[in-house]
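Notes follow the structure.
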Ligand code: PGA
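Residue numbers (my numbering): 199 to 438.
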């Protein structure tokens, strides 16, 4: 499996979604069709929750182009879900409502959620269960300092069904991407604790560096370089 996720964070509006996808399609249209057509590549676009419906419509109009040019599936992701189910939880995003929108993946426990919203390992573990119960693949973000603790709290029973994202704090949004050697070491550590769960890397990835990370990790979680449709398409073209 190779997975590249665009994490738009709290950027974009209802009007900028259409222009992002127009630019994305225009850049992809100029590429040669992918000749190898491998079966297990996926691109996930993870917008802010209020944009999910708008992005769903654009994904439906774009998926066949992504398949033709990159040999990859295209689907929708979320940046968080609630650790609680549906019910009286004002402001929460309950996982149960997301599959009908076509959501396949949920970024969980991102360091910005841990830092600004005080998410704990326990809450992230609860979010993992909610995602799995609703057939959404959890993408659990960890840094080196707490990856083993987070995996222990989730429990090895579930850990095999999860994608982990190694996201060193020092690399997120800083332009200081981690060395490929460091990523390899952390990927191996996480895999040794999880019966070989897939591990992707995130932190200042660009179209210049995505290739090296794909040699040691199962994909990338891309923030800044996903904010323009043109440059994200170029990054995917560089990857595949
Ligand atoms: P960045 O963000 O690519 O801007 O470093 C990555 C992330 O936060 O997931």
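Even for Gly, the Cβ is constructed at its ideal location relative to N, Cα and C.
Beta-carbon contacts of residue i that lie in its chain and below 8 Å, excluding the five residues immediately before and after
i: residue 234; result: 269
i: residue 329; result: 279, 293, 304, 306, 335 and 336
i: residue 429; result: 405 and 423
i: residue 257; result: 243, 272, 273, 274 and 300
i: residue 393; result: 354, 357 and 358
i: residue 287; result: 280
i: residue 351; result: 319, 320, 322 and 323
i: residue 221; result: 426, 427, 428 and 431
i: residue 333; result: 297
i: residue 215; result: 245, 249, 252, 253 and 256
Proximal residues to residue i (C-beta, below 7 Å), its chain only, five neighbours per side dropped
i: residue 353; result: none
i: residue 398; result: 201, 361, 363, 415, 416, 417, 418 and 419
i: residue 209; result: 425
i: residue 290; result: 280 and 282
Extent of the continuous beta strand (DSSP E) run through residue i
i: residue 302; result: 301–306
i: residue 367; result: Segment: none, residue 367 is in no beta strand (DSSP E) and carries neither H nor E.
i: residue 348; result: No beta strand (DSSP E) holds residue 348; the alpha helix (DSSP H) holding it covers 345–352.
i: residue 273; result: 271–276
i: residue 220; result: Element bounds for residue 220: not the beta strand (DSSP E) but the alpha helix (DSSP H), 212–227.
i: residue 408; result: Element bounds for residue 408: not the beta strand (DSSP E) but the alpha helix (DSSP H), 408–414.
i: residue 360; result: No beta strand (DSSP E) holds residue 360; DSSP gives it neither H nor E.
i: residue 336; result: 335–340
Secondary structure of residue i, DSSP reduced to three states
i: residue 394; result: coil
i: residue 321; result: helix
i: residue 399; result: strand
i: residue 386; result: helix
i: residue 427; result: helix
i: residue 203; result: strand
i: residue 185; result: The structure shown does not extend to residue 185, since the chain is modelled only from 199 to 438, so the question has no answer here.
i: residue 283; result: coil
i: residue 294; result: helix
i: residue 244; result: strand
i: residue 418; result: strand
Residue span of the alpha helix (DSSP H) that contains residue i, given as start and end
i: residue 256; result: 250–268
i: residue 309; result: 309–314
Heavy atom of the ligand FMN within 8 Å of residue i beta-carbon
i: residue 229; result: The ligand FMN is not part of this structure, which contains only the ligand PGA.
Other residues of its chain near residue i: CB distance less than 6 Å, five sequence neighbours each side excluded
i: residue 348; result: 319 and 340
i: residue 229; result: 267 and 435
i: residue 387; result: none
i: residue 331; result: none
Query raised in the report: Is the stretch 315–330 touching the stretch 244–263, taking contact as three or more C-beta pairs under 8 Å?
Result: No: the two stretches stay apart, fewer than three of their Cβ pairs being nearer than 8 Å.
Query raised in the report: So, do the stretch 244–256 and the stretch 273–290 have three or more beta carbon pairs nearer to each other than 8 Å?
Result: With the rule of 3 Cβ pairs closer than 8 Å, the stretch 244–256 counts as touching the stretch 273–290.
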